[in-house]
Amino acid sequence: MSKKLITLVFEKSETDIGSKVKNRMAQHLSEVLSDEYNYPFSTKSFTNLYNKFIEADTPANEDLKPELTKCLCKYLGYKNYAEFVTAHPSELEEPKIIVEPIITKDSEPEIQEPVKSTSFGFFNQGRNKIVSLISVVVISTLTYFGFVREKQNCMVWQEDHYVQSACAGAKYEEPYQELLVLNFRKINDLEEVRARYEQHQELWYLKTGGEVEFFTYYNVHPVYHKGLHKVTDYMYKTHVLDKVEQQE
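At position 9 of the sequence shown the residue is numbered 8 (numbering that gives the first Met the number 0), and the sequence of numbers has no breaks.
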């Protein structure tokens with residue numbers, strides 16, 4: 000049963016962020032599961048759990064999906080649900096124990112947001128790739144016949160920024176977008192990240208393979224082609240402020 004688990008999870012969230020506001024606690028938990036455990040579970044979904052298991056006149060007391068349960072147990076400092084139950088026997092108010100199945104490739108995380116949101120994200124990524132491919136083919140054809148041979152109608156990613164270029168099919172080449180050439184760049188210095196955050200300037204990030212990269216403007220990642228995320232208070236404290244303070 001999950002009533003005890005959800006209660007303790009939100010109590011820890013309250014301690015972590017120093018706020019009892021339901022939506023803020025839910026947002027914090029959503030960020031932790033996504034950033035630390037690579038398990039997408041929306042703020043709205045956590046808010047629904049709070050309403051159902053804590054605020055309801057007759058709070059729910061039922062099983063959650065095994066993968067979500069496992070992530071929440073890890074957030075509380077336990078290896079798995081069995082270890083959590085050992086520490087909190089009252090969690091089992093009925094003689095019923097969750098047996099976690101092996102998660103296969105076909106398994107999907109619990110996401111209670113409208114399906115069209117996820118579908119749109121997937122479609123948007125696919126659309127970006129298709130548009131880029133079509134652009135390269137069209138521009139290459141025009142170049143062959145001499146129409147745009149000398150024009151700088153593309154941009155190419157160079158280490159930490161885009162530069163305008165001729166469309167020659169180079170790696171990381173994209174159709175030219177003036178706003179990105181002028182505003183979009185990668186930030187390699189955490190002190191600059193901190194300064195931008197404290198000055199309330201635009202700040203975006205992508206976490207891949209345990210590494211976090213910061214950028215000055217919204218776009219898809221120039222190499223991985225994944226949408227960037229806006230830096231939140233939790234992300235800033237965990238991956239910027241704590242690291243800067245360790246270096247000082």
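Ideal Cβ positions, reconstructed from N, Cα and C, are used throughout, including at glycine.
According to DSSP, Gln157 shares a beta bridge with His160. Setting aside the 5 residues that flank it on each side, Ser29 is surrounded in the same chain by Phe40, Ser41, Thr42, Phe45, each with a C-beta closer than 7 Å to its C-beta; the list follows chain order. If one requires a minimum length of 4 residues, the alpha helix (DSSP H) runs lying completely within the stretch 21-101 are 21-36, 42-49, 65-74, 80-86, in chain order. In summary, Glu191 is exposed, with fewer than 16 beta-carbon neighbours lying within 10 Å of its beta-carbon over all protein chains present. Residue pairing of Glu212 in beta bridges, as defined by DSSP: Leu205. With contacts defined by Cβ atoms closer than 7 Å, Arg193 and Val239 form a contacting pair. Going by beta carbons, Val155 and Tyr175 fall outside the 7 Å limit. Contact between Tyr216 and Glu201 holds: their C-beta atoms lie close to 6 Å from each other, under 8 Å.
Sequence-distant Cβ neighbours of His220 in its own chain, meaning closer than 7 Å and more than five residues away, are Leu205, Leu227. Boundaries of the beta strand (DSSP E) harbouring Pro174: 172-174, taken from the DSSP string. CA-CA distance, Asn182 to Leu189, rounds to 18 Å. Spanning the alpha carbons of Gln157 and Asp62 requires a straight line of approximately 50 Å. For Val219, the secondary structure class from DSSP, reduced to helix, strand or coil, is strand. Put simply, the backbone Cα of Leu67 is about 11 Å away from that of Ser1. For Lys2, the enclosing alpha helix (DSSP H) starts and ends at 2-16. Excluding residues up to 5 positions away in sequence, nothing lies with its Cβ nearer than 6 Å to the Cβ of Asn187 in the same chain.
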